[in-house]
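Under the working numbering, think of the first position of the sequence shown as 16, with each following residue one higher.
Where a beta carbon is used, it is the ideal one built from N, C-alpha and C, also for glycine.
Below is one structure, written out as structure tokens; the observations come after it.
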Amino acid sequence: MALSPDTLIAGHYRVETARPLPEAGGGLPAFAARDDRAAGVDLIAIQVARRAPARARALQMLAEPVEGVLHPLAHGSVAGPGGEPAYFVICPAPPGPALSAPLRPWSEHALIDLLLRPVAHVLEQLTGRNVTHRAIRPNNIFQGQRGQPVVLGAAWAAPPAMHQPALFEPPYSAMCHPAGRGDGDIADDVYALGVVLVTLALGRLPLAGLDDATILRRKLDLGSHAALVGDERLPPVIADLTRGMLAEDPEHRPPPLLLLDPVVARGRRVAARPPRRAQHPLPVGETAVWNARALAHAMATEPEQGLVALRGGAAVQWLRRGLGDAALVARLEEMLRQRADSAAEEIRSEALTLMRAIAIIDPLAPLCWRGVAVWPDGLGPALAAAAEDSALPARFDELIAFEAIGTWAVLRPERCDAGLLRVEARQHRAWQTTRGLAGGMPRLTYMLNPLLPCASPLMGKHWVGRLGDLPMALEAAAAANPSAGPIDPHVVAFVAARAERRLDVEANTLTGDANSVDVAELRLLAQLQMRFHPTPMPALAAQVAGKVGPLIEAWRNRARRNELAQRIREIAQSGMLVPMVALLEDPPGRRADAQAAHIAAAELAQIDAELQQIAAGAAGRGATAERIGQEVAAGIGLAALAVILALAALG
16 MALSPDTLIA GHYRVETARP LPEAGGGLPA FAARDDRAAG VDLIAIQVAR RAPARARALQ
76 MLAEPVEGVL HPLAHGSVAG PGGEPAYFVI CPAPPGPALS APLRPWSEHA LIDLLLRPVA
136 HVLEQLTGRN VTHRAIRPNN IFQGQRGQPV VLGAAWAAPP AMHQPALFEP PYSAMCHPAG
196 RGDGDIADDV YALGVVLVTL ALGRLPLAGL DDATILRRKL DLGSHAALVG DERLPPVIAD
256 LTRGMLAEDP EHRPPPLLLL DPVVARGRRV AARPPRRAQH PLPVGETAVW NARALAHAMA
316 TEPEQGLVAL RGGAAVQWLR RGLGDAALVA RLEEMLRQRA DSAAEEIRSE ALTLMRAIAI
376 IDPLAPLCWR GVAVWPDGLG PALAAAAEDS ALPARFDELI AFEAIGTWAV LRPERCDAGL
436 LRVEARQHRA WQTTRGLAGG MPRLTYMLNP LLPCASPLMG KHWVGRLGDL PMALEAAAAA
496 NPSAGPIDPH VVAFVAARAE RRLDVEANTL TGDANSVDVA ELRLLAQLQM RFHPTPMPAL
556 AAQVAGKVGP LIEAWRNRAR RNELAQRIRE IAQSGMLVPM VALLEDPPGR RADAQAAHIA
616 AAELAQIDAE LQQIAAGAAG RGATAERIGQ EVAAGIGLAA LAVILALAAL G
């Protein structure tokens, strides 16, 4: 059977998938939408990718409108462009085209009054709600007409900064897995706004024609401001502002409130000192590095070569002689000395050693693990996206098993809440190591991504993001493939992550045999039906009825088994699972069956004992019978002889 998606989001928003708006979503698929309660209001619906969940916390914190940004109005699953269920975030429509269509030079006055101040005002409001934007780029900033203030586009339908080009991200974010950049800080939005100011002042993208990897290395080698501006001449106020906005350390960037008064912000500018550069480069694999941050990045992207440089002493010697950073060398040598004292641990966790070294060399760097970099709050989306890359799940599995986030946090306590991150790392490991179908990496992934749909193959193309969506999806799956199991590990992990305590307990007891249904599994399915879809589910009931044979065979009484099988078939036709649970569990009946089986077993044991006793005495009785037989035969013979002799005497 088909699972019909809802037609409205939040009961009154309608997505018009026949009217795509490719330029309205900042690079994400977008469509026209309308509010059935308010005609004439221009809206858009931005489609969410299945493995790139929407930002649940931002959607919650921005329930009240924010002026100057396309704030979220609602979100939910309805029919997508191909008719299959899809997920959308509803936002106001942009007032006009994006600034990227096409790029043109802006005057200093326009940059300050129409771009800087309006965006800084939005960022100040977001700061008050503890939310970042993380998608400030020309194709996601809109302007109704020339001379009007700009409006920031939506940034809620994908993980933070996932679609940001490296040009608009600080190096410590650009080097991360796109889905693992995390919410970051409002200073990261200030950085992106600074790049937009440079872009519009020039009328073109800086470093055009270079790929993201080259742009990142250039920023690390020269510093962001020097890499982006170079010898270009910017308007004086814009040049001073962007020098501070593009500072490498986020703590040195002006806050949004200060940017509302560019004159004051200009007076607070921080000198953008270029990174300390060695006279000779250090080769790390195919990369020649000239400063400490570039070394950390090269070690992160080429971990095997980074370990060679670290263990062989080349990295320490270069830092000492080439950069003259004695304090950094001392910290690095102390870490290596501690690790060398535990050879077994060193062999087991070379990735942990390299991660520590990178964190020491570059305190601004994210957590780097075996060639992949993430920020701790970006771990959830990164796990969701990792399913599409065969190499990543194993790396994340190790990262969590070693509680690497906690170790990384301890190395930079001045830049994070190390205590909180250590607690979170332990919690992640606890979920990962939970036994049974309700634990492991699927459970952790769903726990860290509240809006991630169930990834079970049983769901097909259906978008199951809430527990309430699951029963009918299971019904559709049972109708499509009755021979398959009614649930699988992903379904159980999804239920365990989304459910309240009772359903969680049921999920934790499942075994996952696809060829049969145990009582715990049946109870879970019955609870889902009763709570979220208390109407007949004939396909699922029939599928379950065909897999409860082992439960029926557990009964000892043959007549009772036949009766149960017949009743299960009858209940399956009704499509209700709760009566099946009551029939198969039936504690009084099971006690009576067990008692009768015990009595029967005792009687059988008595019969067996008597048979054994008879069998054990058979040889003795045979000898006695043989002796008696011989005596009887002898007696009969003597009697016969006596008769013969008597007859002979009588003549």
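query: Nearest-angstrom beta carbon gap, Leu182 and Leu222 [assumed within contact, 8 Å]; result: 6 Å
query: Test item: CB-CB of Leu351 and Ala307 under 8 Å; result: no
query: Secondary structure of Thr22, DSSP reduced to three states; result: coil
query: Ala512 versus Ala374: straight-line alpha-carbon distance, rounded; result: 32 Å
query: Burial state of Thr22 (16 or more Cβ within 10 Å); result: exposed
query: Residues of its chain near Gln645, where Cβ-Cβ distance is below 6 Å and the 5 sequence neighbours each way are ignored; result: none
query: Per-residue DSSP class, three states only, for Asn530; result: Residue placement at Asn530 cannot be trusted, given a pLDDT of 49 that sits under 50; what the coordinates show is reported in the next sentence. If DSSP states are grouped into helix, strand and coil, Asn530 belongs with coil.
query: Cβ neighbours of Val81 in the same chain (closer than 6 Å, five flanking residues each side left out); result: Gln140
query: Cβ-based burial, His295 [other Cβ within 10 Å; buried from 16]; result: exposed
query: Cβ-based neighbour list, Ala529, same chain, cut-off 6 Å, excluding 5 preceding and 5 following; result: For Ala529, the predicted model reports a pLDDT of 48, less than 50, meaning its position is unreliable and no value from the coordinates is stated.
query: Coil, strand or helix - Ala39 by DSSP; result: coil
query: Simplified DSSP assignment, three categories, for Phe417; result: coil
query: N-terminal and C-terminal residue of the beta strand (DSSP E) that Val165 is part of; result: It is not in any beta strand (DSSP E) - Val165 carries neither H nor E in the DSSP assignment.
query: Pairwise C-alpha distance: Gly224 and Leu114; result: 19 Å
query: Pair within 8 Å by beta-carbon distance, Val213 and Leu249; result: yes
query: N- and C-terminal bounds of the alpha helix (DSSP H) containing Pro193; result: Here Pro193 belongs to no alpha helix (DSSP H), and DSSP marks it neither H nor E.
query: Close-in-space but distant-in-sequence residues of the same chain around Pro486 (CB under 7 Å, 5 per side omitted); result: Leu543, Gln544, Phe547, His548, Met552
query: Pair within 8 Å by beta-carbon distance, Asp227 and Thr147; result: no
query: Element boundaries [beta strand (DSSP E), containing Phe103]; result: 100–107
query: Straight-line Cα distance separating Met76 from Glu439; result: 22 Å
query: Contacts around Asp50, its chain only, beta-carbon distance under 7 Å, and the 5 residues preceding and following it disregarded; result: His27, Tyr28, Val56, Leu58
query: C-alpha gap between Gly668 and Val299, whole angstroms; result: Coverage of the chain is limited to positions 16 through 666, which leaves residue 668 absent and any answer about it impossible.
query: Residues sharing a beta bridge with Pro298, DSSP; result: Ala303
query: Euclidean distance between Cα positions of Gly393 and Arg335; result: 34 Å
query: Beta strand (DSSP E) segment containing Ile90, residue limits; result: Looking at the sequence itself, residue 90 is His, so the reference to Ile does not match. Element bounds for His90: 89–94.
query: Opening and closing residue of the alpha helix (DSSP H) in which Trp390 lies; result: Where Trp390 is concerned, there is no enclosing alpha helix (DSSP H), given that its DSSP letter is neither H nor E.
query: Simplified DSSP assignment, three categories, for Ile362; result: Note that Ile362 has pLDDT 45, beneath the 50 cutoff, so the model's placement of it is unreliable and the number below is only indicative. Helix.
query: Three-state secondary structure (DSSP) of Gly455; result: helix
query: Spatial distance of Arg196 from Ala315 (CA atoms); result: 15 Å
query: Cβ pair count under 8 Å reaching 3, the segment 169–183 against the segment 62–75; result: yes
query: Alpha carbon of Val425 to alpha carbon of Thr460, nearest angstrom; result: 24 Å
query: Selected residue, minimal CA-CA separation from Ile614, among Arg571, Pro468, Pro110, Ala64; result: Arg571
query: Sub-8 Å separation of Pro457 and His505 beta-carbons; result: yes
query: CB of Ala380 within 8 Å of CB of Tyr187, strictly; result: yes
query: Three-way DSSP call (helix, strand, coil) for Gly480 in this model; result: coil
query: Rounded straight-line distance, which links the Cα of Glu349 to that of Leu322; result: 16 Å
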